[in-house]
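S.K.: Numbering (our numbering), first residue to last: 6 to 251. Glycine included, each C-beta is placed from N, C-alpha and C at the ideal position. First the structure, which I've put down as C-alpha cells, then a few questions once you've had a look.
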C-alpha cells in the first residue's frame, strides 16, 4: 500500500511539473541601466527555448511569453548580456554597461555646437588682435579708387596677421568637417554594426575614415554597407599582413 502511495505521489509530481512547464505566462518588465539613471530602449529580449524575440520600448518596458523554466536573455551591443529564468524574472531588470570606452556616447549635437562657438570666438580674437575686418580675405572692391580702401586690402592680403587669419580659417573649416564626419562615423555607430575590441576599433576608424564629401549624404543603410564592406577588407588585409610577417 505504501509502495503504491509513493508511486502515485511521484507520478502526480511528474505530471504536475510537466503540465506546469507547459503553461505559458506573459512576463512584463522594465529595463534600466545598473545605476538606475537610464531607461533602456531597443534591448533585445529573447526566449531561448521558443526563440521569440522582441525589443524593449522607449520607456524600457517589455512583455514576453514564457513558461516558468524558460531562460530569458537581454542582449545589446553596449550592455552586458543577462540571462534569467522566467520564474525568477523581476519586474525591474538592470543591465551593466560594457567595459569598452565609448567616448562618443556624449550628445554629439551639443559637443559640435560648443566647439563651433569656440572656433568662431577664436576667429574673432584673431581679427581683433590683428586689426582685421575680413579675416585676411579682403573683397576686390576695396581696390576701387571710388570709395575703396586699397590700404585695407593690401594689409589684409599680405600682412602676417592676414596670413595667420587665413591659416586659422582653413584649420577651422577642417575642424568643422571633422565634426560632421564624427557625427556619422564614430565608435558608437560602428560598434552597433560590428562589435570590436577597442584597439581594433580605433585602428579600423583611422584606416577607413571617410571624408565629408563621401559621408555627408549617407543614410543608416549606406553606413552599414560601408562599415561591413570595409571591415571585411580590413580583416583580409590584416590577415595577409600577418602571414607576410611570418
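(1) Contact defined as beta carbons within less than 8 Å: I believe residue 64 pairs with residue 87. What is the distance between those atoms, to the nearest angstrom?
(2) Report all residues from its chain with a CB closer than 8 Å to the CB of residue 32; omit the five preceding and five following residues, and keep chain order.
(3) In whole angstroms, give me the CA-to-CA distance for residue 50 and residue 101.
(4) Skipping 5 residues on each side, what residues in its chain have a beta carbon closer than 8 Å to that of residue 168?
(5) Helix or strand or just coil, what does DSSP make of residue 274?
(6) Report yes if the C-beta distance between residue 285 and residue 166 is below 9 Å; otherwise report no.
(7) Determine which residues share a DSSP beta bridge with residue 243 and list them.
(8) Could you give the residue range of the alpha helix (DSSP H) that holds residue 204?
(9) In the DSSP assignment, what are the bridge partners of residue 102?
(10) Identify whether residue 2 lies in helix, strand or coil by the three-state DSSP scheme.
(11) Have a look at residue 207 and residue 181 and give me their C-alpha separation to the nearest angstrom.
(12) Leaving out the 5 sequence neighbours to the left and right, which residues in its chain are closer than 7 Å to residue 222 when beta-carbon positions are compared?
(13) When the Cα atoms are used, what is the spatial distance from residue 62 to residue 81?
(14) Within a Cβ cutoff of 6 Å, which residues of the same chain sit near residue 242, ignoring the five residues on either side of it in sequence?
(15) By Cβ distance, which residues of its chain are closer than 6 Å to residue 12, with the 5 residues on each side in sequence left out?
(16) What are the residues that DSSP puts in a beta bridge with residue 34?
(17) In this structure, how does DSSP classify residue 45 when only helix, strand and coil are distinguished?
(18) At what residues does the beta strand (DSSP E) containing residue 58 begin and finish?
(19) Using 8 Å as the Cβ pair cut-off and three pairs as the minimum, do the segment 194-201 and the segment 146-160 touch?
(20) In three-state DSSP terms, what is residue 90?
(21) So, at 8 Å on beta carbons, what are the nonlocal neighbours of residue 30 in its own chain, with the 5 sequence-adjacent residues on each side left out?
(22) Does the separation of the CB atoms of residue 84 and residue 53 fall below 9 Å?
M.R.: This is what the structure gives:
(1) About 19 Å; that fails the 8 Å criterion.
(2) 68, 69, 70, 71, 77, 91, 94
(3) 15 Å
(4) 141
(5) What the structure shows of the chain is the stretch from 6 to 251, and residue 274 is not part of that stretch, so it cannot be assessed.
(6) Residue coverage of the chain in this structure runs from 6 to 251, which leaves residue 285 outside it and unanswerable.
(7) Residue 243 pairs with nothing; no bridge assigned.
(8) 203-212
(9) 84
(10) One cannot answer for residue 2 here, as it falls past the ends of the chain, which runs 6 to 251.
(11) 21 Å
(12) none
(13) 14 Å
(14) none
(15) In this prediction, residue 12 has a pLDDT of 46, which is less than 50 and means its spatial position is unreliable; nothing more can be read from the coordinates.
(16) 67
(17) coil
(18) 58-60
(19) no
(20) strand
(21) 70, 71, 72, 73, 91
(22) no
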